[in-house]
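Contents: one structure, followed by commentary.
Residue numbers (this note's numbering), protein chains in the order written: chain B, 859 to 1220; chain Y, 20 to 95.
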């Protein structure tokens, strides 16, 4: 029936969208976004946390329009295709904690799964170590899922539950466009980096347009970087993985065209060469994303189609970014090794305690 | 009566895990799956089709009902 067949649900659909996202990400880099960062969901959420004054790392403060545009693009797609379904109730507080640790792990590596792929496409070989960590983290998450891990069911809810996140994102988008100062510049929000990655950005209009397109397409295809790897490990299903592969290959080709491909381990933009931390950070991120049901991009898209639990996860990521920078947990900062170990223990306990015998077969 | 799976409200990939488990275990030729998002309609249909089952979906109130039929028995 037509419900099960639409172009976006096909293999061709997910591959086309992977190609589109890869091309748009590399193009945004060409137009000013930070190198090998393109549309990194973790980095840009972290930049937003900085712009709002939740952390004071001066080089990564910018209210990135891409993230609100992702959510609103997904919101529009969900409305148009009658898929906007307000729902919540699947262990929101646990999702908040998972969002925090997913972000903290990603910032130890310096990038979410999206950026790991973009870094690899740009020739940053440290990303290989990160991706191996990501795969190990996802594989551990899959083991938890196999023994019955579940955060429980969400339930249909009132429209307001689904509208909160799109509303917050509209506010953020307006702030990103107007960029007002609420007090003395540099001392009160909105903050804006004068140098570093936070000062590198494509124009607001282009960022919004690209964000809306990606959000729309990703909602239609359910594009998910973590889901792609998870489904291969769990059931040898290569559907989402095909989109992720298309994303990687296209970004790589576009980087070659734009002369943005610089292979090597040393001197890569916004990266470090500590193998253990690159591995461990992404392992923590991969495990956290898997237990929460999807990658950071997917969580943002879900929050746009009415999923209040995914919205809580996104707020957890925002908070995690602030905590990571305020407590020096980022990259090779002093607290990073400790928080990776603590995070793996905490998320591991969540995985073990979350075992549930679902009364699903009736 | 066909076996019923209620996968409403579950996050990825739990509905797919339930469907795969049920299709591996069942001796029948028909399984009904209840989900509440199109994402899970596509996921569960794909998981079933990979195991050689046919999927047919109907909207049912706030949810979707997917009828899975063993492909080899469809002509029976």
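From the three backbone atoms N, C-alpha and C, an ideal C-beta is built for every residue, glycine too.
*Whole-number beta carbon distance between residue 1073 of chain B and residue 898 of chain B, since they are thought to touch under 8 Å*: The count along the first chain starts at 1 and reaches residue 898 of chain B at position 40. The count along the first chain starts at 1 and reaches residue 1073 of chain B at position 215. That pair is no contact at about 15 Å.
*asked:* Looking only at its chain, what residues have a beta carbon closer than 7 Å to the beta carbon of residue 1090 of chain B, apart from the 5 residues adjacent to it on each side?
replied: Walking along the first chain from the start, residue 1090 of chain B turns up at place 232. Answer for residue 1090 of chain B: 1096, 1099, listed in chain order.
*asked:* With the cut-off set at 9 Å, would you say residue 979 of chain B and residue 1109 of chain B are in Cβ contact?
replied: On the first chain, position 121 is the one that residue 979 of chain B refers to. On the first chain, position 251 is the one that residue 1109 of chain B refers to. In this structure, residue 1109 of chain B lies closer than 9 Å to residue 979 of chain B by Cβ.
*Please say whether residue 945 of chain B and residue 1164 of chain B have beta carbons closer to each other than 9 Å?*
By 1-based counting over the first chain, the position of residue 1164 of chain B is 306. By 1-based counting over the first chain, the position of residue 945 of chain B is 87. Yes.
*May I have the straight-line CA-CA distance separating residue 76 of chain Y from residue 84 of chain Y, to the nearest angstrom?*
To locate residue 76 of chain Y, count along the second chain from 1; it is residue 57. To locate residue 84 of chain Y, count along the second chain from 1; it is residue 65. Looking at the two C-alpha atoms, the distance is approximately 6 Å.
*Using the DSSP secondary-structure output, state which residues sit across from residue 1122 of chain B in a beta bridge.*
In the first chain, the residue the question calls residue 1122 of chain B occupies position 264. For residue 1122 of chain B, which the question treats as bridged, DSSP gives the partners B:982.
*Which parts of the stretch 931–1018 of chain B are runs of the alpha helix (DSSP H), unbroken and 4 residues or longer, counting only runs that do not cross its ends?*
950–967, 971–979, 984–1004
*Using alpha carbons as the reference points, say which of B:1019, B:1006, B:1078 lies closest to residue 1156 of chain B.*
Working through the first chain from its first residue, we reach residue 1156 of chain B at position 298. Closest option to residue 1156 of chain B, Cα to Cα, is B:1078.
*State yes or no: is the beta carbon of residue 1025 of chain B nearer than 9 Å to at least one beta carbon in chain Y?*
If you number the first chain from 1, residue 1025 of chain B lands on position 167. No, no contact with chain Y.
*Exposed or buried, residue 922 of chain B, counting other C-beta atoms within 10 Å across all chains shown (16 or more means buried)?*
Residue mapping note: residue 922 of chain B aligns to position 64 of the first chain, counting from 1. Classification for residue 922 of chain B: buried.
_Extent of the continuous alpha helix (DSSP H) to which residue 1141 of chain B belongs_ = Residue mapping note: residue 1141 of chain B aligns to position 283 of the first chain, counting from 1. Start and end: 1133–1150.
*Under 9 Å between C-beta atoms of residue 982 of chain B and residue 891 of chain B*: Your numbering for residue 982 of chain B matches position 124 in the first chain. Your numbering for residue 891 of chain B matches position 33 in the first chain. No. Outside cutoff.
*Contact set for residue 934 of chain B: own chain, Cβ-Cβ below 7 Å, skip 5 residues either direction*: As a working note, residue 934 of chain B is residue 76 in the first chain. These residues qualify, in order along the chain: 1074.
*Using a Cβ-Cβ distance under 9 Å, would residue 30 of chain Y count as near chain B?*
Here the question's residue 30 of chain Y lines up with position 11 in the second chain. Yes - at least one Cβ of chain B is within 9 Å of the one on residue 30 of chain Y.
_Separation of residue 80 of chain Y from residue 86 of chain Y, as counted between CA atoms_ = As a working note, residue 86 of chain Y is residue 67 in the second chain. As a working note, residue 80 of chain Y is residue 61 in the second chain. Their backbone Cα atoms lie some 16 Å apart in a straight line.
*Beta-carbon proximity list for residue 59 of chain Y, same chain, < 7 Å, skipping 5 on both sides*: On the second chain, residue 59 of chain Y is found 40 positions in, with the first residue counted as 1. Within the same chain, residue 59 of chain Y has close Cβ partners 26, 34.
*Return helix, strand or coil for residue 1092 of chain B, following the three-state DSSP convention.*
In the first chain, the residue the question calls residue 1092 of chain B occupies position 234. Residue state, collapsed to three classes: helix.
*Inter-residue spacing [alpha-carbon to alpha-carbon] between residue 1160 of chain B and residue 1168 of chain B*: To locate residue 1160 of chain B, count along the first chain from 1; it is residue 302. To locate residue 1168 of chain B, count along the first chain from 1; it is residue 310. Looking at the two C-alpha atoms, the distance is approximately 6 Å.
*Simplified DSSP state of residue 917 of chain B, which is helix, strand or coil*: As a position in the first chain, residue 917 of chain B is number 59, starting the count at 1. Coil at residue 917 of chain B, not helix or strand.
*With a CB to CB cut of under 6 Å and the five nearest residues on each side skipped, what residues in its chain are close to residue 994 of chain B?*
The residue given as residue 994 of chain B occupies position 136 in the first chain. Within the same chain, residue 994 of chain B has close Cβ partners 1141.
*Just to confirm, are residue 56 of chain Y and residue 72 of chain Y a CB contact at a threshold of 9 Å?*
Stepping through the second chain from its first residue, residue 56 of chain Y is reached at position 37. Stepping through the second chain from its first residue, residue 72 of chain Y is reached at position 53. In this structure, residue 72 of chain Y does not lie closer than 9 Å to residue 56 of chain Y by Cβ.
_Residues of chain Y with CB closer than 9 Å to the CB of residue 1093 of chain B, please, in chain order._
What you label residue 1093 of chain B is simply residue 235 of the first chain in a count that begins at 1. Ordered by position in chain Y, the residues that pass the 9 Å Cβ test against residue 1093 of chain B are 32, 35, 36, 39, 66, 69.
*Under the assumption that residue 973 of chain B contacts residue 1082 of chain B (Cβ atoms under 8 Å), give the Cβ distance between them as a whole number of angstroms.*
Reading the first chain from its first residue, position 115 is the one you call residue 973 of chain B. Reading the first chain from its first residue, position 224 is the one you call residue 1082 of chain B. No, residue 973 of chain B and residue 1082 of chain B are not in contact; Cβ-Cβ is about 15 Å, not under 8 Å.
*Output yes or no for whether 9 Å exceeds the beta carbon distance between residue 1129 of chain B and residue 965 of chain B.*
Taking the first chain and counting its residues from 1, one reaches residue 1129 of chain B at position 271. Taking the first chain and counting its residues from 1, one reaches residue 965 of chain B at position 107. In this structure, residue 965 of chain B does not lie closer than 9 Å to residue 1129 of chain B by Cβ.
*Run the CB neighbour count on residue 1114 of chain B, radius 10 Å, all protein chains shown included, and call it buried at 16 or more, exposed below.*
Along the first chain, read from residue 1 onward, the residue named residue 1114 of chain B stands at position 256. Under this definition residue 1114 of chain B is an exposed residue.
_residue 1212 of chain B versus residue 1009 of chain B: straight-line alpha-carbon distance, rounded_ = In the first chain, counting from the first residue as 1, residue 1212 of chain B sits at position 354. In the first chain, counting from the first residue as 1, residue 1009 of chain B sits at position 151. Approximately 6 Å between the Cα atoms of the pair.
*Just the chain B side, please: which residues come within less than 7 Å of residue 58 of chain Y by C-beta, in chain order?*
By one-based count along the second chain, residue 58 of chain Y stands at place 39. Within 7 Å Cβ-Cβ: 1080.
*asked:* Counting only C-beta atoms, is residue 913 of chain B closer than 9 Å to chain Y at any point?
replied: Within the first chain, the letter at position 55 stands for residue 913 of chain B. Output row for residue 913 of chain B: interface = no.
*Start and end of the beta strand (DSSP E) containing residue 1204 of chain B?*
Taking the first chain and counting its residues from 1, one reaches residue 1204 of chain B at position 346. No beta strand (DSSP E) contains residue 1204 of chain B, which is instead part of the alpha helix (DSSP H) from 1194–1211.
*Can you give me, in chain order, the residues of the stretch 1012–1023 of chain B that have a beta carbon less than 9 Å from any beta carbon in chain Y?*
1012, 1013, 1014
*With 9 Å as the threshold, decide whether the Cβ of residue 1010 of chain B is near any Cβ in chain Y.*
Residue mapping note: residue 1010 of chain B aligns to position 152 of the first chain, counting from 1. Judged by the 9 Å Cβ criterion, residue 1010 of chain B is in contact with chain Y.
*Spatial neighbours of residue 1153 of chain B within its chain, please: CB distance less than 8 Å, with the 5 preceding and 5 following residues excluded, ordered by chain position.*
Taking the first chain and counting its residues from 1, one reaches residue 1153 of chain B at position 295. Correct list, in chain order: 899, 970, 971, 972, 1082, 1083, 1084, 1085, 1147.
*Please report the residue range of the alpha helix (DSSP H) in which residue 1167 of chain B lies.*
For this step, residue 1167 of chain B is matched to residue 309 along the first chain. Where residue 1167 of chain B is concerned, the enclosing alpha helix (DSSP H) stretches over 1166–1184.
*alpha helix (DSSP H) segment containing residue 888 of chain B, residue limits*: By one-based count along the first chain, residue 888 of chain B stands at place 30. Residue 888 of chain B -> alpha helix (DSSP H) spans 869–888.
*Does the Cβ-Cβ distance between residue 1055 of chain B and residue 1187 of chain B come in under 9 Å?*
Position 197 of the first chain, counted from the start, is the residue given in the question as residue 1055 of chain B. Position 329 of the first chain, counted from the start, is the residue given in the question as residue 1187 of chain B. No, Cβ-Cβ distance for residue 1055 of chain B and residue 1187 of chain B is not below 9 Å.
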